[in-house]
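Asker:
In our numbering, the protein residues as written are 9 to 263.
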């Protein structure tokens, strides 16, 4: 098991280098806290399986990640389903917040719900699978819209319109665009009775292994007399859950 662990550490060390900037055996050993001879032996095993490649000879030999990792990465991604990865996190999120949770993907300009976790007890909201959420007034929709480049966001708004759903719906384009900037800064979107009277929804985007938008998750509850600080607290919980799903999908944020 130690050797397997050290092999993984070596791959992680090699992954820190940029294109054309491999590592020598000595550098690998120093980075992983092992001897030069141990590093060389593990590197040769990884090289045999295509997980590591080398260039140069003698003192100038440098090691980098092998292309077999790309093949395995493609296989791994093909086996991952956003719905399957999100499900256990949504279960925990619903238990923690006491609210129904959902996951959605962007389809034809709308947030389409692909899975949800309802409350076992207490008030049940009329949330349906396959529901198409408007991008400008729902927590899921705004979370997805906020991640789009400005020109794409404007184009989508032009297609779907800014239909007024309640007295709190944002129907001015520039006001909405400013609101989307706030969403990007906070990491979550709040639908404060903008889609339906008496209902609030907090959403956050989920990222894929390339850092692109994979979808969004949200929790939905009754507004009642929720204080403003509670929305911020829920927003942090939803954003944290979204980050956990993103990491499971292979997303590695740049530090």
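Note that CB positions come from ideal geometry on N, CA and C, so glycine has one too.
What residues are listed by DSSP as bridge partners for residue 223?
Answerer: By 1-based counting over the chain shown, the position of residue 223 is 215. Paired residues: 214.
Asker: Is residue 253 near residue 121, with beta carbons less than 8 Å apart?
Answerer: Within the chain shown, numbered from 1, the residue matching residue 253 stands at position 245. Within the chain shown, numbered from 1, the residue matching residue 121 stands at position 113. No, they are not a contact pair.
Asker: Could you check which residue in 182, 149 and 100 has the C-alpha nearest to that of residue 158?
Answerer: Within the chain shown, residue 158 is the residue found at index 150, counting from 1. Ranking the options by Cα distance to residue 158, first place goes to 182.
Asker: Give me the Cα-Cα distance between residue 32 and residue 185, rounded to the nearest whole angstrom.
Answerer: Taking the chain shown and counting its residues from 1, the one referred to as residue 32 is at position 24. Taking the chain shown and counting its residues from 1, the one referred to as residue 185 is at position 177. Whole-angstrom Cα-Cα distance: 49 Å.
Asker: So, with DSSP's three-state summary, where would you put residue 233?
Answerer: Indexing the chain shown from 1 puts residue 233 at position 225. Residue 233 falls in the coil class under three-state DSSP.
Asker: When you compare each of 30, 79, 58 and 80 to residue 67 by their alpha carbons, which one comes out closest?
Answerer: Here residue 67 corresponds to residue number 59 of the chain shown, with the count starting at 1. For residue 67, the nearest C-alpha among the options comes from 30.
Asker: When the Cβ atoms of the stretch 196-209 are set against those of the stretch 226-242, are three or more pairs found closer than 8 Å?
Answerer: yes
Asker: So is residue 193 buried or exposed if we call it buried at 16+ other beta carbons inside 10 Å?
Answerer: Against the chain shown, residue 193 aligns to sequence position 185. Looking at its Cβ environment, which holds fewer than 16 other Cβ atoms inside 10 Å, residue 193 is exposed.
Asker: Pick helix, strand or coil for residue 56, following the three-state DSSP scheme.
Answerer: Within the chain shown, numbered from 1, the residue matching residue 56 stands at position 48. Residue 56 falls in the helix class under three-state DSSP.
Asker: Going by Cα to Cα distance, which pick from 240, 220, 229 and 215 is closest to residue 255?
Answerer: Here residue 255 refers to the residue found at position 247 of the chain shown. Of 240, 220, 229 and 215, the residue nearest in Cα terms is 215.
Asker: Is it a yes or a no for the stretch 18-26 touching the stretch 54-61, going by three-plus beta-carbon pairs under 8 Å?
Answerer: Short answer: they touch.
Asker: Roughly how many angstroms lie between the CA atoms of residue 125 and residue 115, to the nearest whole one?
Answerer: The sequence position of residue 125 within the chain shown is 117, counting from 1. The sequence position of residue 115 within the chain shown is 107, counting from 1. Computed Cα separation, rounded: 21 Å.
Asker: Where residue 14 and residue 39 are concerned, what is the direct C-alpha to C-alpha distance, given to the nearest angstrom?
Answerer: The count along the chain shown starts at 1 and reaches residue 14 at position 6. The count along the chain shown starts at 1 and reaches residue 39 at position 31. Going from the Cα of residue 14 to the Cα of residue 39 covers about 11 Å.
Asker: Name the two residues that bound the continuous beta strand (DSSP E) containing residue 200.
Answerer: Position 192 of the chain shown holds residue 200. Where residue 200 is concerned, the enclosing beta strand (DSSP E) stretches over 197-200.
Asker: Tell me whether residue 171 sits in a helix, a strand or coil according to DSSP, three-state version.
Answerer: Against the chain shown, residue 171 aligns to sequence position 163. Three-state DSSP puts residue 171 in coil, outside helix and strand.
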